[in-house]
DNA sequence: TCTGAAGACTTCAAAGCTAAAGTTAGGGTC
DNA sequence: GACCCTAACTTTAGCTTTGAAGTCTTCAGA
């Protein structure tokens, strides 16, 4: 542990307790449904904390959270683990420009290769290297241990119920991004 | 709507279906617990989508998601809605440097004021303006409508169960950030 | 009172992202 | 075959954030 150069990394979050937060919001905004607020706030906090945790874990492997996202996306594409920059950008929610730079970096680190598609020279093919796949696997092991530990208070039944409810929520947002006016549409 | 200059904004995410994703991961990584993966992936996706949605909503008010976060944090501090840059940074998970710049911008836009604390001139006090509070309220209304719509498939009982389970997960991560080795600690 | 040290920002340089403009290959249309 | 249009990146300029160094108070001790 003494040889780890103690990377500054993401700072710990310091938020007020969730109950406190909801109490203040109710005082400041009468229409608030505390049950809804509890769910939504807990979702947000949970994710922020988890992302901090993931970031710390993968940094031990010498990669950033951003790079890990790319590795995951390439593995999800299935063997031979290839995607174009444009497709990667869409799946990661980045602009193509950002993707270009990220691929530059990762190619320089040997995590992926970048080549022109010889059958259509407008296209570029980003492919996971063996080293990239190895890093993905190591990160995946750490992540799944962490996730199992996170969920250890929930029984198998509870996990099923939780998963099912989250999927229902997800269906609602995935098939219905708000339009410019900010309302959900296409929901039925 | 034609006068809105059609801000480019965040691109829509395009991820493979969750079932597909889990199937691929199971093929590539045998130790994976699909139930755990389902919960964790759904949590992540849900949050990404929600953040995109929030961002689009508040941009109609002329503020960014980042600015909205600051407004929320100041309101959470309670009247008279004051916090120092350092405290804000800790609660938002930013570096003090980033906080300085963000406050600059928001002060320029009239959302907050920034003054030296006369009783201790090392300190700075950031205070919500009336305009900032108004924007917060408007954003809050949009957000709570959106959240209610998001949860409309869940009954009151289900909401209670979901909230309770999320809180349990949150307790696990909040009181136990992984240490440098990446393991959860202090869990009992 | 002077000095040193700690604390709370702010400033600066560099990294990473977005938006918009620029390149280059492919595919139609006449 | 020449021309134009579109698609798929890449490049450029400007922001936002980070990490590290710098500035300005305040406070404790000599």
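Chains as they are written, first to last, in the numbering used here: chain A, 6 to 193; chain B, 6 to 193. We put the beta carbon where it would ideally sit given N, CA and C, even for glycine.
Identify the contact partners of residue i in chain B, using a Cβ-Cβ distance below 9 Å as the criterion.
i, result
"residue 96 of chain A", "18, 19, 20 and 21"
"residue 80 of chain A", "29, 30, 33 and 34"
"residue 135 of chain A", "The contacting residues do not exist; residue 135 of chain A stays about 14 Å from chain B at best."
"residue 88 of chain A", "Those within 9 Å of residue 88 of chain A in chain B number zero; the least Cβ separation is about 11 Å."
List the residues of chain A that residue i touches, going by C-beta distances under 7 Å, in chain order.
i, result
"residue 54 of chain B", "178 and 179"
"residue 194 of chain B", "The shown model of chain B, from 6 to 193, leaves out residue 194 of chain B, and the question about it has no answer."
"residue 120 of chain B", "Neighbours of residue 120 of chain B on chain A: none; closest Cβ ~23 Å, over 7 Å."
"residue 93 of chain B", "Within chain A, no residue comes near residue 93 of chain B; the closest Cβ sits about 10 Å away, beyond 7 Å."
"residue 44 of chain B", "156, 164, 167, 168 and 171"
Can you name the residues of chain A whose CB is closer than 9 Å to the CB of residue i?
i, result
"residue 145 of chain B", "30, 33, 34, 36 and 37"
"residue 74 of chain B", "Near residue 74 of chain B there are no residues of chain A at all, since even the closest Cβ is about 10 Å away, more than 9 Å."
"residue 142 of chain B", "33 and 34"
Note the first and the last residue of the continuous alpha helix (DSSP H) segment covering residue i.
i, result
"residue 100 of chain A", "Neither: residue 100 of chain A is in no alpha helix (DSSP H) and is coded neither H nor E."
"residue 53 of chain A", "39 to 64"
"residue 30 of chain A", "23 to 33"
"residue 164 of chain A", "161 to 179"
"residue 156 of chain B", "Unbroken run through residue 156 of chain B: none, as it is neither H nor E."
"residue 71 of chain A", "70 to 81"
Thinking just about the alpha-carbon of each residue, which of the options is nearest to the one in residue i?
i, options, result
"residue 40 of chain A", "B/52, B/172, B/179 and B/177", "B/172"
"residue 44 of chain B", "A/155, A/179 and A/180", "A/155"
"residue 73 of chain A", "A/28, A/159 and A/117", "A/117"
"residue 141 of chain A", "A/87, A/66, A/177 and A/101", "A/66"
"residue 177 of chain A", "B/55, B/101 and B/108", "B/55"
"residue 28 of chain B", "A/81, A/60, A/158 and A/168", "A/81"
"residue 157 of chain A", "B/158, B/170 and B/83", "B/170"
"residue 175 of chain B", "A/106, A/33, A/53 and A/139", "A/53"
"residue 34 of chain B", "A/139, A/164, A/162 and A/96", "A/139"
"residue 79 of chain A", "A/134, A/163, A/57 and A/165", "A/134"
With a CB to CB cut of under 8 Å and the five nearest residues on each side skipped, what residues in its chain are close to residue i?
i, result
"residue 153 of chain B", "none"
"residue 113 of chain B", "none"
"residue 62 of chain B", "144, 147, 148 and 151"
"residue 23 of chain A", "43, 46, 47 and 50"
"residue 20 of chain A", "26 and 50"
"residue 128 of chain A", "89, 121 and 122"
"residue 188 of chain B", "Because residue 188 of chain B sits at a pLDDT of 40, beneath the cut-off of 50, its placement in the model cannot be relied upon, and the following sentence gives the value as read from the coordinates. Closer than 8 Å at Cβ, skipping near neighbours: no residue."
"residue 83 of chain B", "none"
If I follow the unbroken beta strand (DSSP E) through residue i, where does it start and stop?
i, result
"residue 129 of chain A", "129 to 133"
"residue 119 of chain A", "117 to 121"
So which residues of chain A does residue i contact, with C-beta pairs closer than 8 Å?
i, result
"residue 165 of chain B", "40"
"residue 153 of chain B", "38 and 41"
"residue 69 of chain B", "Within 8 Å Cβ-Cβ: nothing; residue 69 of chain B doesn't reach chain A, min ~15 Å."
"residue 108 of chain B", "Near residue 108 of chain B there are no residues of chain A at all, since even the closest Cβ is about 17 Å away, more than 8 Å."
Using the beta-carbon of each residue, which ones in chain B are nearer than 7 Å to residue i?
i, result
"residue 83 of chain A", "29"
"residue 50 of chain A", "175"
"residue 124 of chain A", "Residues of chain B passing the Cβ test: none, with the nearest at roughly 24 Å."
Since residue i contacts residue j with CB under 8 Å, what's their CB separation in whole angstroms?
i, j, result
"residue 85 of chain A", "residue 132 of chain A", "7 Å"
"residue 18 of chain B", "residue 98 of chain A", "5 Å"
Starting from the C-beta of residue i, find all residues in its chain whose C-beta is less than 6 Å away, skip the five residues before and the five after it, and write them out in chain order.
i, result
"residue 13 of chain A", "Residue placement at residue 13 of chain A is flagged as unreliable, the pLDDT there being 44, under the threshold of 50; the coordinate-derived value follows with that caveat. Nothing meets the Cβ criterion."
"residue 104 of chain B", "90, 93 and 94"
"residue 87 of chain A", "130 and 132"
"residue 7 of chain A", "Low confidence applies to residue 7 of chain A: its pLDDT is 33, below 50, so where it sits in the model is not reliable enough to give any reading."
"residue 96 of chain A", "78"
"residue 162 of chain B", "none"
Please work out which residues of its chain come closer than 7 Å, Cβ to Cβ, to residue i, disregarding the five sequence neighbours upstream and downstream, and give them in chain order.
i, result
"residue 185 of chain B", "With a pLDDT of 40 at residue 185 of chain B, under the threshold of 50, the modelled position of that residue is not reliable, and the figure given next carries that caveat. Here the set comprises nothing."
"residue 31 of chain A", "37 and 39"
"residue 119 of chain A", "108, 112, 129 and 131"
"residue 159 of chain B", "167"
"residue 164 of chain B", "156"
"residue 115 of chain B", "134 and 136"
"residue 58 of chain B", "151"
"residue 106 of chain A", "none"
Applying a beta-carbon distance threshold of less than 8 Å, which residues of chain B neighbour residue i?
i, result
"residue 102 of chain A", "Here the premise fails: no neighbours, minimum Cβ distance about 12 Å."
"residue 160 of chain A", "Neighbours of residue 160 of chain A on chain B: none; closest Cβ ~11 Å, over 8 Å."
Does the ligand FMN have a heavy atom nearer than 7 Å to the CB of residue i?
i, result
"residue 161 of chain B", "Ligands displayed in this structure: none; no statement on the ligand FMN is therefore possible."
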